[in-house]
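Sequence positions in the sequence shown follow the working numbering and run 25 to 404.
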Amino acid sequence: VFCSNEKDEYVILVSFDGFRYDYTDRFELPYFDYIEEWGVKAKSLKPIFPSFTFPNHYAIATGCYANKHKILGNQFKNELGEYSYKDKNSVQDAKWYGAEPIWVTAEKNNIITATYFWVGSEAPIGGLYPTYYKNYESGINPYKKVDQAIDWLEYPVSSRPKLVCLYFNEPDHAGHVYGANSLQVNEEIKASNDILGYLLKSISKLDIFDKINIVIVSDHGMADVGKERIINIDDFNIPGIVDGEGPLMSVKLDSNINFKIDDLAIPNVSIVSSANNDILNYHNPIYDFLLIADEGWMMYRNNHLKAYNNNLPVKGMHGYSSDYMNMHAIFYAYGPSFRAGYKIDTFELIDIYPLICSILQIKPYNDIDGSLDVFKTILK
């Protein structure tokens, strides 16, 4: 599959943050429907654990679970210190990022790449950036991102990217603020369809249109939460440091305590090992165990609950086990590498990295978790 670049094809990778697998069932969405008819659609796309934005966008980029790619959350502490999506210094520091993202693999193979916001693309991972990239800023008009992608694809061939990654922050934001079943999320679903339509119309005018593959994904889904499903972790007197809030918390036990996971039982919470967890493919050695809430439940400390006035700061949340269907995302693909009108079953988003390597005809990084096997029926 990985040979000299005879196909000369392009990939546009598009992510709509928090676009749940079943959102496209709510309405007629002509551009998603067009791709379903003339390309490929998956039943759903299964995120890695934890089902947060940063770990999953970086899993899409690398084909690896969090224990290999090292981005354990949107914000987290580990043996390297403290990482936060809000902190430019950590976001742009390559020490945090394990494995090898697709733009680095491509650039190593002399393929030009471009990203308009993608987790990891602001850091010199392996000493390399995408040839063209943007530092994250909120509030950018989504149509401006599409225009920039088209502009890049109109560059002379010697400076034109073969891989363009585009990130859109809706419908995730609306899902958090208003809930997964809200009118506001429905509006953002329609807006995502409009953005996709604008992208399709724009690329159809390019000379290289018949060489462009579009891969449309999201990073996770969304579940409704409510104040009747709040767990106050301080009620359980855990002897140690408890970090985090919401669906996932991390516990570092006091050193003089002889305490085992079996000693603790919290209703609606799973308690699992934090280090070398092969089931979750998760590794954070500075904590002893993780608290993972059941879908729709939220965990807080007393100080959080006081700050939130015993209410919830959000109406929708993700980060729960990837086994819940409400955490699942979308996958659509269209272009010369894909057969038309094909459906495939649920697969894991770590498989997207080898898919893009295959289309670009480059050898994948040597230690990935993803596989090309799921795509055998849908690739030409």
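Where a beta carbon is used, it is the ideal one built from N, C-alpha and C, also for glycine.
7 Å Cβ cutoff met for residue i and residue j
i           : j           : result
residue 243 : residue 203 : no
residue 305 : residue 109 : no
residue 257 : residue 323 : yes
residue 170 : residue 222 : yes
residue 268 : residue 277 : no
residue 180 : residue 42  : no
residue 253 : residue 320 : yes
residue 352 : residue 270 : no
residue 285 : residue 313 : yes
residue 213 : residue 389 : no
residue 197 : residue 340 : no
residue 235 : residue 33  : yes
residue 38  : residue 366 : no
residue 40  : residue 141 : no
residue 298 : residue 308 : yes
residue 131 : residue 137 : yes
residue 399 : residue 379 : yes
For residue i, the first and last residue of its enclosing alpha helix (DSSP H)
i           : result
residue 383 : 376 to 384
residue 112 : 112 to 115
residue 31  : Per DSSP, residue 31 belongs to no alpha helix (DSSP H) and is neither H nor E.
residue 80  : 77 to 86
residue 91  : 90 to 93
One or two residues paired with residue i in a DSSP bridge
i           : result
residue 403 : 362
residue 66  : 368
residue 36  : 188, 238
residue 101 : 106
residue 274 : 267, 314
residue 248 : 340
residue 355 : 241
Cα-Cα separation between residue i and residue j, rounded to whole angstroms
i           : j           : result
residue 343 : residue 72  : 10 Å
residue 76  : residue 178 : 34 Å
residue 393 : residue 375 : 8 Å
residue 69  : residue 280 : 43 Å
residue 186 : residue 238 : 12 Å
residue 154 : residue 143 : 12 Å
residue 114 : residue 150 : 16 Å
residue 370 : residue 66  : 6 Å
residue 225 : residue 218 : 10 Å
residue 27  : residue 146 : Note on residue 27: pLDDT 47, under 50, position unreliable in the model; no value is reported.
residue 384 : residue 189 : 14 Å
residue 103 : residue 80  : 21 Å
residue 335 : residue 329 : 7 Å
residue 272 : residue 101 : 13 Å
residue 124 : residue 95  : 12 Å
residue 220 : residue 302 : 37 Å
residue 156 : residue 58  : 30 Å
residue 85  : residue 126 : 5 Å
residue 372 : residue 168 : 30 Å
residue 402 : residue 361 : 8 Å
residue 381 : residue 346 : 25 Å
residue 255 : residue 92  : 31 Å
residue 364 : residue 61  : 7 Å
residue 359 : residue 227 : 11 Å
residue 283 : residue 78  : 32 Å
residue 396 : residue 87  : 10 Å
residue 216 : residue 182 : 32 Å
residue 54  : residue 275 : 47 Å
residue 148 : residue 184 : 20 Å
residue 293 : residue 205 : 24 Å
residue 122 : residue 99  : 16 Å
residue 160 : residue 135 : 23 Å
residue 208 : residue 387 : 42 Å
residue 31  : residue 368 : 24 Å
residue 326 : residue 262 : 13 Å
Residue i Cβ short of 6 Å to the ligand ATP heavy atom set
i          : result
residue 39 : Among the components modelled here there is no ligand, and therefore nothing to report on the ligand ATP.
Interface flag, residue i vs chain B, CB-CB below 7 Å
i           : result
residue 393 : Structure shown: chain B not included; a single protein chain is present.
Segment limits, beta strand (DSSP E) that includes residue i
i           : result
residue 254 : 254 to 256
_At 4 residues or longer, what runs of the alpha helix (DSSP H) sit wholly inside the region 279 to 339?_
Qualifying alpha helix (DSSP H) stretches, in chain order: 326 to 331.
*Completely contained alpha helix (DSSP H) runs for the region 130 to 207, where each covers 4 or more residues*: 166 to 177, 196 to 202
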